[in-house]
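Novice: Residue numbers (this note's numbering): 3 to 850. We put the CB at the ideal spot given by N, CA and C, even for glycine. Could you have a look at this structure, given as C-alpha cells, before my questions?
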Amino acid sequence: MKRQRIATAEVQTFEKSHIEEMRKMAPECMVLLKNDGTLPFEKPGMIALYGSGARRTIKGGTGSGDVNVRHFVTVEEGLENAGFTITTKKWLDSYDKILQETKADYFREIRKQADAYGVNPMLFAMGKTAPEPEYQFSLDGEGDTAIYVLARISGEGADRQAVKGDICLTDTEVRDILELSKKYKKFVLVLNVGGLVDLHPVEQVKTVLLMGQPGTPAGDALADVILGKSYPSGKLTMSWASLDAYPSTEGFGDVNDTDYREGIYVGYRYFDTVGMEPDYPFGFGLGYSTFKIFSDKVDVDCEKITVCTTVANTGTAPGKEVVQVYVSVPPKELDQPYQRLAGYAKTGELRPGDTEKLMIQIPTASLASYHEENAAYVLEQGIYFIRVGNSSRNTKIEGAFSLNADVLVEREKNIGGESGFKDRKPQRNYITYATEKEEKEAVQITELKAEEFKGKETNYQELPTEILKGEGCSWNDVINGKKTVDEFLAGLSDEELAWLCIGEYTDAEDLLEIIGNASKKVAGAAGETTGRLADLKLPAIVMADGPAGLRLSQDFTIHSGVAKGSASVGGDMLLVYTMEELQAMMEMEKADAEDSKTDMYHQYCVAIPIGTDIAQSWNDQLAQKCGDIVGEEMEIFGIHAWLAPALNIQRSPLCGRNFEYYSEDPFLSGCMAASVTKGVQQHDGCAATIKHFACNNQETNRFFSNSRVSERAMREIYLKGFEICVKEAQPHFIMTSYNLINGEHACCRKDLLTDVLRDEWGFQGVVMTDWLVTGGMGSKGEKWPCASAAGNIKAGNDLTMPGMPSDKEDILNALKDQAHPYALTKVELQCCAKRILEKIILLDQQAG
Ligand code: BGC
C-alpha cells in the first residue's frame, strides 16, 4: 500500500476492513473467568445494563499508548447494534452526569496544583485519572437479565493504587454488583480493565468475563461473545491474586530505588513455589466448550524437546484451546521455581467432536538458568519434568529427561552492575496435586549426556578504527551505489555527526510540543531523525507510537512543508484547561489552517487490542496479524518506525503501564513481541521498535527511578523477552527505558546495549532512547541525575530522542573534553551514526 494523503473525512476502506478483522480477533483475547451457564445468551432481548464501562467503555489506556480513533464502539452501542433493548438508559444518564462532574472537579484541582508549582498543566496531569465516584441510583432496569461493566483506566506517568476505584472496587460497585446478582435471573459481570481488580468482595458472582480493552470494535466484539456468535478463548497472562500476595508489592513505587528482591520469583513462579493459591492462575481461562488434551508422545534430545498432542473438543459448542508446556528444572546449586512456561500452541476452531494435532518444540538449551559466579547459562544435573496442560495449575507430567552432569550452555560476561543485596529464596513449598507422584514414577525418563551438548561462548567485539576525514558526498551517491556509507560519514563534521545521533529538534521548541508529538513530517507522530542534513539529501525516519495502534493527529494541514495537526495526546487530561483556553486553542488551530491555505487531511487510525489482550489470545498468528494491520496503516500514513511492541514484564499489578505490556512471563512476552514485530516488518519500509529496554516496571518517578535487580533475574526475567524477540524477529529498533538499573541509566549502559544486545544476541538495528530522558522534563532535586546524550553514544545508544539543543552540546563537549564523565572518541560517534544511516538506507529502499 502506498502513502496516501486523505483529504476526505469519509470512512476509508482500510478502516472498515481493519475494524472487521479486529472484531473477529477480539473475542480470542477475552478471558472467561467464571460461568454458571449464563453465557452465552440465546438471543438478544431486554437487557439491564449498568456500570462505569457500559457507556464510558475504555478502549485502551491513556498517554502515548492511546490511539485517536474516529469512533469506537461502546458496550451500550454494541449491545444495541446486536438487537438488545437497554432498559437502564436513566441509570446510564445519571452515571454520565456524575462522572463528568467528578472529572471536571478533579482536573480543576490538578490545574490549581500545577499553577501553584508553576508547571505545565498537561504535563502535570499526565497519567492522572479522576477517582471513581460513589453514588446511589436505583437499579430498576426491566427484564430478567443484567450486565454490569466495570471499567478501569491507567496510563503512563502514574502507577495504579490499592484504593477503591482502582485495584479495589468502590463501595457503590460492591453494593450494586451484589444486589444485581441477586435481583436478576441472569447476571454477568464484565471487566473492561487492563489489569487486576480485586474481586474478593463480589466473589458470589457466578459469571465473570474479562473483556479487556479491545480497541475500536470493543462493544461489537463483546456483543458477539455474549450472544455466542463468537466465543472467548483467551487465557490469563498474569496471575490474579490479592495484592499483598505478590512479593513485588513490598517497596513498589519507591521514588528513588526499587529493590527486585524476589529475583526470578515473579508471578506464577512465586505462587507455585511457595504453594499459594492465586484467585485465577496464570494460563487460566474458560470457553463455551470443554477440551481434552491427549499427549501422543514426548521426544527429548540435546537439541530439542518435541511434545505431540491431540486436542479434542469434548463439549457442545465450538471453541479453541491452548496447549501449554511447562518444565520443572531441578534445583541444585541454583534454586528453581516449581515450573516455567517453555512452549505453547493454540488450536484453530474446533467444533464439538473435532480434534486437532499440535506439535510444540522447545530448544533444550532454552531451559538453562544463569549462574552469576560462572557468568554462564547452565543446565544443572538432575531430572527435568515436562508438564502439559491448559493452565499453569492444570497440567500432567508427560515427559522427562535426566542430565548426568552440569552443562555449560553459553559463557557470557557479567553485566548489569550490583543490586546490593542477595535475592530472596522463598521458602520452598512446591504445589502438587493428587496424581503428581504417580505421574513422576510412571514417566519415561530420557537420559541425556552432558558431554553431548555443544557449549557456546560469546565473542565480544572491539570498536572498529576511526573513519578518517574525507571529501564526503551526497546521500544520493550512496543510494546510487557510487559511494559507501563510510565515505558519506568521512565528509561529516562533528556537529553533523552529533545531529545524526539526535532526533529532529527546533532550538526554541515549546516543551509541550515535543511530548510524543515532535515529528514535522507526520502530524502527531512522536518524532523523527534529523532533517539538518537535508542539503546532503538525507531523508528522515518518522516514528509514531503504539502499542494499541498508531497514535497520530486526526486532522492536519501543511504549513511550509510542516504537517501541523490536532492534539495527539490528551483525552481527559485536556480538562485541565478552562473552556476559554480550549476555545482559544481551537481558534488558533482554525486560523492556522486558514493561513496555510492548504486542504485539511485526515489520519483516522484503528485501535487494536491493548498489549495484554493480544497476549491473552496466546495466538502467535493473531499477534502477527495485529502487527500486520498496524504495518498497513504505517504505509498509508508514511510512518517508518512504530514505537512498539512494548514488552516489559508485569512484575506487579500496580504498574500503570501493564496494559501496554504482555505478561508476567518472559517467554510468552518474547513470543508475542516477535510475532507482532514480524507482522509490522513484513511491510516494506516498516520497522518495529521494541521497548522499554529494560527493567521499566513502574511509572512512579519514572525518569529517576533506579531498579535494583540481580543479574540472574535480569537475564532470566527482564531481558529474556527482548532476547527472544531479537533472535526471532530482528526488530529494526529498540527503545531504552527511562529508569536506571543498579545506579546507571539503562540508556547509558554499554553492558546492556552493546555487550548483551549486539554481541550476545546479534541485534542489528538501531538503539534509541525514550523521549526526553536527557533532562527535558527537568529535575526536582532527585537522588539520581538525568541521563546524558554523550553517555548514550558511549553505550552504543545511537539516537537520543526526540532531541534538544543541550544534547548536541553534551556530545560535542564529550568529544573535546577528556574530563567529561562520558568522554567520547570520534569512532564511538561514527559507529552510532553509521547504524542510523544503514537503517535509513534499508527502510528507504524497501519503501521504494
Ligand atoms: C513513552 C514511550 C513513547 C514516547 C514517545 C514516552 O513518554 O514512555 O513509550 O514511545 O513517549 O511518545
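(1) In the structure shown, what three-state DSSP assignment does glycine 289 receive?
(2) Between which two residues does the alpha helix (DSSP H) containing phenylalanine 273 stretch?
(3) Give me the residue from Ile612, Leu336, Leu831 and Val608 with the minimum Cα distance to glutamate 497.
(4) Buried or exposed, going by whether 16 or more other CB atoms sit within 10 Å of the CB of leucine 171?
(5) Compute the Euclidean distance between the alpha carbons of alanine 569 and proline 549, then round it to the nearest angstrom.
(6) Could you compute how far the alpha carbon of threonine 532 sits from the alpha carbon of leucine 774?
(7) Threshold first: 4 residues or longer. Then list the alpha helix (DSSP H) segments lying entirely within the segment 496-554, N to C.
(8) Strictly by DSSP, which residues pair up with lysine 45?
(9) Using alpha carbons as the reference points, say which of Met587, Val411 and Phe490 lies closest to glutamate 894.
(10) Determine the extent of the alpha helix (DSSP H) in which threonine 104 is found, giving its start and end residues.
(11) Looking at the structure shown, is leucine 352 part of a helix, part of a strand, or coil, going by DSSP?
(12) Considering only heavy atoms of the ligand BGC, does any lie closer than 7 Å to the CB of glutamate 158?
(13) Give a single yes or no on whether lysine 522 has its beta carbon closer than 7 Å to a heavy atom of the ligand NAP.
(14) What number of angstroms, rounded off, separates the C-alpha of aspartate 107 from the C-alpha of glutamate 438?
(15) Decide yes or no for the touch test of the segment 636-645 against the segment 679-699: beta carbon pairs closer than 8 Å, at least 3 of them.
(16) With H, G and I counted as helix, E and B as strand and the rest as coil, what does DSSP make of threonine 434?
(17) With burial defined as no fewer than 16 other Cβ atoms inside 10 Å of the residue's Cβ, what is the status of threonine 90: buried or exposed?
(18) I want to check one thing, is the minimum distance from the CB of alanine 696 to the heavy atoms of the ligand BGC below 7 Å?
(19) I need the boundaries of the beta strand (DSSP E) containing asparagine 815, first residue and last residue.
(20) Tell me whether the segment 249-256 and the segment 209-224 touch, counting them as touching only if at least three CB pairs, one residue from each stretch, are closer than 8 Å.
(21) Please report the residue range of the beta strand (DSSP E) in which serine 393 lies.
(22) Contact check, glutamate 335 vs glutamate 382 under 8 Å by CB: the rounded distance?
(23) Classify glycine 143 as buried or exposed, calling it buried when 16 or more other Cβ atoms lie within 10 Å of its own Cβ.
(24) Under a three-way DSSP split, which group does alanine 402 fall into?
(25) Cβ of alanine 748 within 8 Å of Cβ of threonine 756?
(26) Which residues does DSSP list as the beta-bridge partners of cysteine 170?
(27) What is the residue span of the beta strand (DSSP E) that methionine 803 lies within?
(28) Could you tell me the alpha carbon to alpha carbon distance between valine 210 and arginine 426, rounded to whole angstroms?
(29) Would isoleucine 631 and isoleucine 610 qualify as a contact pair, given that the criterion is a beta-carbon distance under 8 Å?
(30) So which of Thr104, Ala525, Arg154 and Ala520 has the shortest CA-CA distance to aspartate 557?
(31) Is there at least one non-hydrogen atom of the ligand BGC closer than 7 Å to the beta-carbon of tryptophan 773?
(32) Quick check: what's the CA-CA separation for valine 660 versus threonine 614?
(33) Using the C-alpha atoms, what's the distance from threonine 260 back to lysine 782?
(34) Quick one: does the C-beta of aspartate 547 sit closer than 7 Å to a heavy atom of the ligand BGC?
(35) Mark histidine 202 as exposed unless 16 or more other C-beta atoms lie within 10 angstroms of its C-beta, in which case mark it buried.
(36) Report all residues from its chain with a CB closer than 7 Å to the CB of aspartate 753; omit the five preceding and five following residues, and keep chain order.
Specialist: From the atom records:
(1) On the sequence shown, position 287 is the one that residue 289 refers to. Glycine 289: coil per DSSP, three-state reduction.
(2) Taking the first residue of the sequence shown as 1, we reach residue 273 at position 271. Here the alpha helix (DSSP H) through phenylalanine 273 covers 270-276.
(3) Here residue 497 corresponds to residue number 495 of the sequence shown, with the count starting at 1. Nearest option by C-alpha distance: Leu831.
(4) Counting from one through the sequence shown, the residue named residue 171 turns up at place 169. So leucine 171 counts as buried.
(5) Taking the first residue of the sequence shown as 1, we reach residue 569 at position 567. Taking the first residue of the sequence shown as 1, we reach residue 549 at position 547. Approximately 18 Å, taken between the alpha carbons.
(6) Here residue 532 refers to the residue found at position 530 when the sequence shown is read from its first residue. Here residue 774 refers to the residue found at position 772 when the sequence shown is read from its first residue. Spanning the two alpha carbons is a distance of roughly 16 Å.
(7) 496-502 and 513-516
(8) Here residue 45 refers to the residue found at position 43 when the sequence shown is read from its first residue. Looking at the DSSP assignment, lysine 45 forms no beta bridge with any residue, so it has no partner.
(9) Outside the displayed span of the chain (3 to 850) sits residue 894, for which this structure offers no information.
(10) Taking the sequence shown and counting its residues from 1, one reaches residue 104 at position 102. Start and end: 91-119.
(11) Here residue 352 corresponds to residue number 350 of the sequence shown, with the count starting at 1. It is a strand residue.
(12) For the purposes of this step, residue 158 is identified with residue 156 of the sequence shown, where counting begins at 1. Glutamate 158: yes, Cβ under 7 Å from the ligand BGC.
(13) The ligand NAP is absent from the structure shown, which contains only the ligand BGC.
(14) Numbered from 1 along the sequence shown, position 105 holds the residue referred to as residue 107. Numbered from 1 along the sequence shown, position 436 holds the residue referred to as residue 438. For aspartate 107 and glutamate 438, the distance between alpha carbons rounds to 57 Å.
(15) yes
(16) The count along the sequence shown starts at 1 and reaches residue 434 at position 432. Coil at threonine 434, not helix or strand.
(17) For this step, residue 90 is matched to residue 88 along the sequence shown. Its Cβ being crowded by 16 or more others within 10 Å, threonine 90 is buried.
(18) The residue you call residue 696 lines up with position 694 of the sequence shown. Every heavy atom of the ligand BGC is 7 Å or more from the Cβ of alanine 696, so no.
(19) Sequence index remark: in the sequence shown, residue 815 carries index 813 (1-based). Per DSSP, asparagine 815 belongs to no beta strand (DSSP E); it is in the alpha helix (DSSP H), 807-818.
(20) no
(21) What you label residue 393 is simply residue 391 of the sequence shown in a count that begins at 1. 384-393 is the span of the beta strand (DSSP E), which, as asked, contains serine 393.
(22) For the purposes of this step, residue 335 is identified with residue 333 of the sequence shown, where counting begins at 1. For the purposes of this step, residue 382 is identified with residue 380 of the sequence shown, where counting begins at 1. The Cβ separation is near 6 Å, so the contact holds.
(23) Within the sequence shown, the letter at position 141 stands for residue 143. Classification of glycine 143: buried, given that the 10 Å Cβ count is 16 or more.
(24) Position 400 of the sequence shown holds residue 402. Alanine 402: strand per DSSP, three-state reduction.
(25) Numbered from 1 along the sequence shown, position 746 holds the residue referred to as residue 748. Numbered from 1 along the sequence shown, position 754 holds the residue referred to as residue 756. No. Outside cutoff.
(26) Mapped onto the sequence shown, residue 170 falls at position 168. Answer by DSSP bridge pairing, in chain order: Lys166.
(27) Residue mapping note: residue 803 aligns to position 801 of the sequence shown, counting from 1. Counting along the chain, methionine 803 falls outside any beta strand (DSSP E), and DSSP gives it neither H nor E.
(28) Stepping through the sequence shown from its first residue, residue 210 is reached at position 208. Stepping through the sequence shown from its first residue, residue 426 is reached at position 424. Roughly 35 Å between the two C-alpha positions.
(29) Translated into the one-based positions of the sequence shown, residue 631 becomes position 629. Translated into the one-based positions of the sequence shown, residue 610 becomes position 608. Contact: yes.
(30) The residue you call residue 557 lines up with position 555 of the sequence shown. Minimum Cα distance to aspartate 557 is reached at Ala525.
(31) Walking along the sequence shown from the start, residue 773 turns up at place 771. Yes, the Cβ of tryptophan 773 comes within 7 Å of a heavy atom of the ligand BGC.
(32) The sequence position of residue 660 within the sequence shown is 658, counting from 1. The sequence position of residue 614 within the sequence shown is 612, counting from 1. It is worth fixing the name first, because residue 660 is asparagine in this sequence and not valine. Roughly 7 Å between the two C-alpha positions.
(33) In the sequence shown, counting from the first residue as 1, residue 782 sits at position 780. In the sequence shown, counting from the first residue as 1, residue 260 sits at position 258. Spanning the two alpha carbons is a distance of roughly 19 Å.
(34) The count along the sequence shown starts at 1 and reaches residue 547 at position 545. Yes, since a heavy atom of the ligand BGC falls inside the 7 Å radius drawn around the Cβ of aspartate 547.
(35) Sequence index remark: in the sequence shown, residue 202 carries index 200 (1-based). Label assigned to histidine 202: exposed.
(36) Translated into positions along the sequence shown, residue 753 becomes position 751. For aspartate 753, where only same-chain residues beyond five positions count, the Cβ hits under 7 Å are Ile417 and Gly418.
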